[in-house]
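For the record, in the sequence shown the residue sitting at position 170 is 170 according to UniProt numbering, with numbers rising by one throughout.
Positions of the beta carbon are idealized from the N, C-alpha and C atoms, including for glycine.
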Amino acid sequence: MSSTIREADLGASKITPLPARTAANAPAPQAHGIARNPGMKLDLGFMESMRSVNRSALERRVASLTKRRSIKADNQAAWLLRAVACMDLTTLNSNDTDERVRRLCAKAVNPFRRDIVEGLGITGEKIRPAAVCVYHPFVATAVDALRGTGIHVAAVSTAFPHGLTPLSTRLQEIEASVKDGADEIDVVIPRGLVFGAKWQELYNEIVSMRAACGEAHLKVILGTGDLATLRNVMLASMVAMMAGADFIKTSTGKESVNATLPVGLAMVRAIRAYFEETGYLIGFKPAGGISTAKASLDWLVLMKEELGRRWLEPDLFRFGASSLLTDIERQLEHHLTGHYSANHRQAMA
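Here you go:
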């Protein structure tokens, strides 16, 4: 990807140049610090140029990525800490309660046991999940529990996980979550609009959702496990970004198939194509089924190889995860002691 500075007008907005190449360990902003994607007009010609998706080639690329890199010892511990910093710690269960959400927030504020923190030498470092993700009724509880920590509150919205209520109802839900303090909104698209190739209708809905979010950042969930083909995934990704999405996200976690690496590769290549066309940086969030430390490393390698170091920061990359933090904590303990502990020894999230 070119690192040359590119500037052009999109209405009244200025395009953000890709940051120049920097050292691999250079810090980058971890809040909502980049210029937001203002979207663009629905460009069916641009979409047509993205229609051809070679599944076999994507699968070969994914296989080579996960085999080429072997991350061990201190390097592995550092990458796992990066995975935690890019995590949306999530609870989306039918039996959620205010107390469960407060406990999740407490885990986000202090994700590791004290002996692990001291053993890794990270005392004083604020390595925490980027956000806590909850249903709308628990947004106010999470906001109160996380006040002053810098951890974002994300709300799943728009009739999650199916997105099949009237648009006016879905927009009211977004507005209610923003009013309660959510600064990130994860919306879900009606998958039928993709199957019917109703791109203008899908675009219009996402534009309305972006407007309802106001200053809150918009993550658009495609429900890739329901979309059947990588072509559908690619085209839905392009429409979401054209409509102003800050992030595109794979799954709700409720589909039979959730985040997979070939789907993720198709989506990050859509992000790269959108950047090359407009100059705007779009975030990516794989979610659903990412429950092991090994899986988190595979996703981090994918982002590093395909989009570069800048997409290893939480303002451009997130994991949607509920049990991942527990396994990462177990792996870090093994790194320090040489022994694995049982899950129940880790503080519950």
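Going by DSSP, what residue range makes up the beta strand (DSSP E) through residue i?
i: Met87; result: 87-90
i: Asp98; result: No beta strand (DSSP E) holds Asp98; the alpha helix (DSSP H) holding it covers 98-109.
i: Glu184; result: 184-188
Give the secondary structure of residue i by DSSP, where H, G and I count as helix, E and B as strand, and everything else as coil.
i: Ala245; result: coil
i: Leu164; result: coil
i: Ala176; result: helix
i: Gly283; result: strand
i: Gly320; result: strand
i: His339; result: coil
i: Arg60; result: helix
i: Arg330; result: helix
Out of the options, state which residue places its alpha-carbon closest to the alpha-carbon of residue i.
i: Cys86; options: Ser251, Tyr280, Thr165, Leu297; result: Leu297
i: Gly253; options: Ser291, Ala270, Leu164, Glu277; result: Ser291
i: residue 355; options: Phe160, Ala142, Trp299; result: Because the chain here runs from 1 to 349, residue 355 falls outside it and cannot be looked at.
i: Pro166; options: Met209, Ala35, Glu184, Asp144; result: Met209
i: Ala159; options: Asp144, Lys179, Gly181, His136; result: His136
i: Leu92; options: Ala287, Val301, Ile122; result: Ala287
i: Ala273; options: Arg170, Pro38, Gly223, Leu307; result: Leu307
For the alpha helix (DSSP H) containing residue i, name the first residue and the last one.
i: Val53; result: Neither: Val53 is in no alpha helix (DSSP H) and is coded neither H nor E.
i: Gly119; result: 114-120
i: Asp298; result: 293-306
Is any heavy atom in the ligand PLP found nearer than 6 Å to the beta carbon of residue i?
i: Thr337; result: Although the ligand PLP was asked about, the structure shown includes no ligands whatsoever.
**3 or more residues per run - each beta strand (DSSP E) lying fully within the region 195-281** = 217-221, 247-249
**Request:** Decide yes or no for the touch test of the region 175-195 against the region 216-235: beta carbon pairs closer than 8 Å, at least 3 of them.
**Result:** yes
**Request:** For the region 152-164 and the region 126-142, state whether three or more C-beta atom pairs, one from each stretch, are separated by less than 8 Å.
**Result:** yes
**Message:** List, from N- to C-terminal side, the alpha helix (DSSP H) runs of 4 residues or more that fit wholly inside the region 115-154.
**Reply:** 139-146
**Message:** Would you call the region 70-90 in contact with the region 312-326, where contact means no fewer than 3 C-beta pairs closer than 8 Å?
**Reply:** yes
**Message:** Does the structure place the region 87-97 close enough to the region 313-328 that three or more beta carbon pairs sit under 8 Å?
**Reply:** yes
**Asked** Per the contact definition of three or more C-beta pairs closer than 8 Å, is the region 237-246 in contact with the region 40-47?
**Response** yes
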